Amino acid sequence: NQVSAAPLTTAKYVVAYRDSNLYGSVTVGDVSGSSISHGSETIFNPAPSNDVSVAGLASSLFVVAYRDESNSYAGTSRVGEVSGTALSFGQESVFNPTQSNYNALTALSGARFVVAYQDAGTNETYGMAAVGHAVAGHLVGTARQAGTEGQTVGVVTGGVSDTHSGLTSGRVYYLDLDGSLT
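Below you can see the structure in the form of structure tokens.
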């Protein structure tokens, strides 16, 4: 497929597609009554892209999956963030280093998603899936204690956390969109 759309809110959605240069591109659409308007096209992969799919994760967060023809046809994903009609993207993440066909995305709970694809580089009869976790914005750190809006709170930005218990040594933890540590 070359066009995919996903809702972010009841009045905002994203459309991912392969543009006239064959590049992977996205635009944001807004619905107001019976009118629809779109923001500017933003390229998420400045190379030939195929099997483009998109899933909305939150009101300002989405993920795209595609076959990156400039990288050995690898199955690749990128998380995008919407601010008004402006778009920004995180780093590319390769979920299948060999040829990936028929990428299909769906959102799970929180910032998690699953991409299903055909692993054409290994065996064209195999259907595969990969689970991803989107991290929005830039991690500042984790608050040392609860606080209210406008209050100054100490933040753990790396190294040793003396404010959490029950964590597994050597494991990577993320801050979910709702503020919980996963």
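Convert by adding 38 to the 1-based position in the sequence shown; the result is the number in my numbering. Beta carbons: idealized from backbone N, C-alpha and C, even for Gly. In this text the structure is predicted, and so the values were computed from the model without any measurement.
Checking the sheet assignment: what are the DSSP bridge partners for residue i?
i: L99; result: A96, E119
i: F127; result: G118
i: A54; result: S42, V64
i: D157; result: S138
i: A167; result: A154
i: T80; result: V64
i: V90; result: Its beta-bridge partners do not exist; DSSP assigns none.
Quick one: give me the first and last residue of the beta strand (DSSP E) that residue i is part of.
i: T65; result: 61–70
Measure the CB-CB distance between residue i and residue j and report whether it falls below 8 Å.
i: S70; j: Y111; result: no
i: G170; j: S131; result: yes
i: V53; j: V120; result: no
i: D106; j: E79; result: no
Nearest by alpha-carbon distance to residue i: which of the options is it?
i: V117; options: R105, A93, S108, N109; result: A93
i: S115; options: G122, A96, D89, T123; result: D89
i: G67; options: G165, D106, T123; result: T123
i: F133; options: S42, S63, A168, D57; result: A168
i: F127; options: L99, L46, D106; result: L99
i: P45; options: S78, P84, A145; result: A145
i: F151; options: I81, A96, V64; result: A96
If we define contact as Cβ-Cβ less than 8 Å, is residue i a contact residue for chain B?
i: G118; result: In the structure shown, chain B does not exist; there is a single protein chain.
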